[in-house]
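Below is one structure, written out as structure tokens; the observations come after it.
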Amino acid sequence: MTRRVMVMFAVLAMIALGLAFYALHLKRKVARDEQLAAQQQSLAPPGNGPPTPVTLYIASDSDGTLRRTQVNVTLPPERSERARAVLRVLFGQYLQSSSPHPIGAGGDVRDVYLLGDDTAVVDTNAAFADAHPSGVLAEELTVASIVVTLNANDTKIGRVKILVNGQERETLAGHADLRRFYEASNIGQVVKDLQ
Amino acid sequence: MSRLALAIVAGSALLFAALLARHGSVHAQSPDQNQLTVYSPRTSHSVPLLDVNGQPYAGLVELLEPLGSVDARADGKKYKLHFTPPGGRPLELQFTNGKDKGKVRGNGYKLPANFIVQNGRGYVPLSVTSEIISKLLATDTELHSAARRLFIGNIQVRYTLELHKDNPSRLLLGFSSPVNPTIATEPGRVRLTFRREPIVSTGPENAPYSDPLITGVSFSEHDGQAELDVTGKAPMMANFADGGRTIIITGAPAPAPVTQEAPAPLPPAPANTQNPAPQPRQPAAPRFLVLIDPAHGGSDIGAAITPSLPEKDVVLALARRVQHELANRGIAAGLLRNSDVAIALDQRATSANAARPALYIALHAANTGRGVHVFTALLPAANLSPQGFLPWDTAQAAFLDLSGSVAGSVAAELESRKLPNTTLLAPLRPMNNIAAPAIAVEIAPPAENVDEIASAAYQEQVAQSIAAGVAAVRGKLPQVRP
């Protein structure tokens, strides 16, 4: 075997080894990304000052109810930031593995915009809708929970619209209408039925 | 040196091609033939198949899990699986990746091709799945390899053919158990596709007839499903009878001289065909039509009740039962879809409103919660006249009182049958756009076992409750002039 052929084999072997390591790296990266997406949860909202009591309406799939509960959280002073922080606490509850009403992994609130005094536009991320369990009641519980939780913590918010990734979507996961504005007073009637 | 560089590049390309070829040799088959359907006394389930060098392989866990409990472990090249049949003791299978010899229940077992472990999952050639299950369950099995169908136990459903030369002729397909096929029609042809039922042929696979309407029936099985293809000389339609044990194929009514776009507004008569032929125009006599909308369809599967049981199939089966129960009470009902087709939400509302039903019922299914949820539209109260021009987004607001009456009546019937139920308001599309009294019914499993949602007994009880609830308030609902 000539020296030239040996060199060629050595180079080929190195290339093969490099490809193998690269493939392994890609495989690990995909696994890591998937794990991160699955574990992604809303973080506690940033803010200074003493913790404030926040009212949450937590949905339960097993009996189709909404239950009122309170947690203490430090909230930012600005209204839309506060609304977003409250919803992230709510989503955080749903993202826990023991949640009575699990939503899709990675579901989050990108932003909350206030239109005038009484209307909130909640912009959720794609994972929230894409991975949300499908079902009339399951989706209604989520929508109702968002609307009444916002209203309970900022009584001026009387109308809520939910966007997904900045866009209007026809339904949440095949059932609940996301093209409309929800009136808190109207949803309140549902909550009475569900409680 | 340039020759050396050329050699390196060529060698790298060859190596890369070899890696790609190696990777490409194990891949899923095309979607229409990548599944084995397994029929067992407990359930029917699908097993994805891998194509390994042109030979189909089935995953052991996917194959056995619905039949008992499975504990599988891959340790390097070694693969061990413990399978415990219901009420039995654990049985062991052992194989080695890349080897054709293994052990089943402690006895040596030779595969016709090498065992494969991929991503920690063990795969055996399709041809041995029948024998392995037979050894584990100690029961007869039958594999229709080319058709991708595996039967465990004597569960095959057989059919009989009976041609009645009436005017028009009627072909009675009798089945040994209730069936619920997908039905597709085209001029001179009705095709029944059985995905979950273990239908097999007992006689000749082709039965020709010398009849003015029906010219023949042929049976075929492929891609994990069976098909009965009825051919004729004129448009035909299919109707269910005897609780799903009989399907009657007969001539479809002559079409009216109008063009209708799919999905067409439905005629009042029961129509079990994909493209129901419109009824001849009648003098404007009042009629009472209930329109049933089985939600989802086609690529929109709705909720995955189980990995192999989509919402779209559950609600279609329920819709047919409701239609049958309404017919038993003398109430004409049509289905917005009677096959696995996707219809957009706005299109559903358009078709429903064009059919001018006395009542619209949307059917849904979910795997969360228990029992039956009956919904009416969640809309702000509005002072709208049902006879006036209605806004699209809130058309249902004009009918909320009547819708509530129907929901209450159905809930009372569910209660009388001791079925857990809740009556709620829901922001559900396309119900908001329906210009007629409307309810939505969502069924959830009646008990812990989610598969029970598709059981005939449970669905029959729900269907009877809905039909009885509608019949009870029929007098309150408007008769509609076509």
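Protein sequences appear in the order of chains A and B.
The C-terminal residue of the first sequence carries number 195 in my numbering, and the numbering is unbroken.
The C-terminal residue of the second sequence carries number 1482 in my numbering, and the numbering is unbroken.
No residue lacks a Cβ here, since even glycine has one placed at the ideal position from N, Cα and C.
Here the structure is a predicted model, which is why all the values come from computation and not from measurement.
Nearest neighbour of residue i, chosen from the options [CA to CA]
i	options	result
I1361 of chain B	B:E1162, B:G1334, B:I1343, B:D1346	B:G1334
L1326 of chain B	B:I1466, B:A1366, B:R1245, B:K1233	B:I1466
S1339 of chain B	B:L1318, B:A1426, B:A1444, B:I1443	B:L1318
G1076 of chain B	B:G1120, B:P1085, B:G1087, B:T1037	B:G1120
L95 of chain A	A:G158, A:F128, A:R67	A:F128
E140 of chain A	A:G158, A:I162, A:Y22, A:V73	A:I162
T1185 of chain B	B:G1251, B:E1142, B:N1154	B:G1251
L1488 of chain B	B:T1246, B:V1117, B:T1141	Residue coverage of chain B in this structure runs from 1001 to 1482, which leaves residue 1488 of chain B outside it and unanswerable.
L1213 of chain B	B:R1170, B:D1393, B:P1178, B:V1179	B:R1170
E78 of chain A	A:P53, A:V112, A:S62, A:D63	A:V112
L1051 of chain B	B:S1127, B:Q1094, B:S1040	According to the sequence shown, residue 1051 of chain B is Asp rather than Leu. Among B:S1127, B:Q1094, B:S1040, the Cα nearest to that of D1051 of chain B is on B:S1127.
R1329 of chain B	B:F1151, B:G1469, B:R1105	B:G1469
H132 of chain A	A:K156, A:V11, A:V164, A:R68	A:V164
A1352 of chain B	B:D1300, B:L1424, B:R1320, B:N1433	B:N1433
R1320 of chain B	B:E1413, B:D1242, B:G1404, B:T1306	B:D1242
V54 of chain A	A:L24, A:V73, A:L115	A:V73
Anticipated Cβ contact below 8 Å, residue i with residue j, distance rounded
i	j	result
V86 of chain A	T149 of chain A	6 Å
K1080 of chain B	R1089 of chain B	Going by Cβ atoms, the distance from K1080 of chain B to R1089 of chain B rounds to 16 Å, so no, they are not a contact pair.
G1216 of chain B	A1207 of chain B	6 Å
A1407 of chain B	T1376 of chain B	5 Å
V1322 of chain B	A1436 of chain B	Not confirmed; about 17 Å, so no contact.
T1422 of chain B	H1373 of chain B	5 Å
L1192 of chain B	L1228 of chain B	4 Å
V1290 of chain B	I1343 of chain B	About 18 Å separates the two Cβ atoms, so there is no contact after all.
V1190 of chain B	I1249 of chain B	6 Å
I1292 of chain B	L1345 of chain B	Their Cβ separation, rounded to whole angstroms, is 16 Å, which puts I1292 of chain B and L1345 of chain B out of contact at 8 Å.
G1302 of chain B	S134 of chain A	6 Å
P1086 of chain B	G1068 of chain B	6 Å
Bridge partners - residue i, DSSP secondary structure assignment
i	result
F1375 of chain B	B:L1424, B:A1440
L1335 of chain B	B:I1292
T1182 of chain B	B:T1193
P1235 of chain B	DSSP output for P1235 of chain B lists no bridge partner at all.
G1108 of chain B	B:K1103
H1144 of chain B	B:R1149
S1044 of chain B	B:Y1039
V112 of chain A	A:V122
I1361 of chain B	B:I1292, B:I1439
L1081 of chain B	B:A1072, B:L1093
V11 of chain A	Bridge partners of V11 of chain A: none, in fact.
T1306 of chain B	B:L1309
I1199 of chain B	B:V1157
V147 of chain A	According to DSSP, which records beta bridges pairwise, V147 of chain A is partnered with nothing at all.
G1059 of chain B	B:Y1123
Beta-carbon proximity list for residue i, same chain, < 6 Å, skipping 5 on both sides
i	result
S1308 of chain B	H1045, S1046
S1176 of chain B	V1157, R1158
A44 of chain A	Legend: pLDDT at A44 of chain A = 44, less than 50; position of this residue unreliable, value from coordinates given subsequently. Counting only Cβ-Cβ distances below 6 Å, and skipping sequence neighbours, we find nothing.
E1483 of chain B	There is no way to answer for residue 1483 of chain B, as the model of chain B reaches only from 1001 to 1482.
Q1094 of chain B	K1080, G1102, K1103
T1037 of chain B	S1046, R1149, G1224
G1174 of chain B	T1160, T1246
G1059 of chain B	R1121, Y1123
N- and C-terminal bounds of the beta strand (DSSP E) containing residue i
i	result
E1131 of chain B	Unbroken run through E1131 of chain B is the alpha helix (DSSP H), 1129-1137; no beta strand (DSSP E).
G1216 of chain B	1214-1222
S60 of chain A	52-60
E1448 of chain B	Neither: E1448 of chain B is in no beta strand (DSSP E) and is coded neither H nor E.
T1246 of chain B	1246-1251
L66 of chain A	65-73
Residue interval of the alpha helix (DSSP H) (run including residue i)
i	result
S1405 of chain B	1400-1416
L172 of chain A	Premise fails: L172 of chain A is in no alpha helix (DSSP H) and is neither H nor E.
F1175 of chain B	Here F1175 of chain B belongs to no alpha helix (DSSP H); instead the beta strand (DSSP E) covers 1170-1175.
H1324 of chain B	1311-1328
E81 of chain A	79-95
A1463 of chain B	1456-1472
V1117 of chain B	Taken as a continuous stretch (DSSP letters only), V1117 of chain B belongs to no alpha helix (DSSP H), being part of the beta strand (DSSP E) at 1116-1118.
A1355 of chain B	1345-1355
L178 of chain A	Looking at the DSSP string, L178 of chain A is not in any alpha helix (DSSP H), and its letter there is neither H nor E.
Proximal residues to residue i (C-beta, below 7 Å), its chain only, five neighbours per side dropped
i	result
Q41 of chain A	Low per-residue confidence applies at Q41 of chain A: pLDDT is 45, beneath 50, and the placement is therefore not dependable enough to give any value.
A1113 of chain B	Q1055, D1100, P1125
E170 of chain A	L178, R179
S1145 of chain B	L1126, S1127
Sequence-distant residues of its chain with Cβ nearer than 8 Å to residue i (five each side left out)
i	result
A250 of chain A	This structure does not reach residue 250 of chain A, given that chain A is present from 1 up to 195, and the question cannot be answered.
L1379 of chain B	T1394, Q1396, A1397, L1400, N1432
S1403 of chain B	T1376, A1377, Q1396, P1437, A1438, I1439
V1441 of chain B	I1361, A1362, L1363, H1364, V1372, H1373, V1374, F1375, V1410, V1462, I1466
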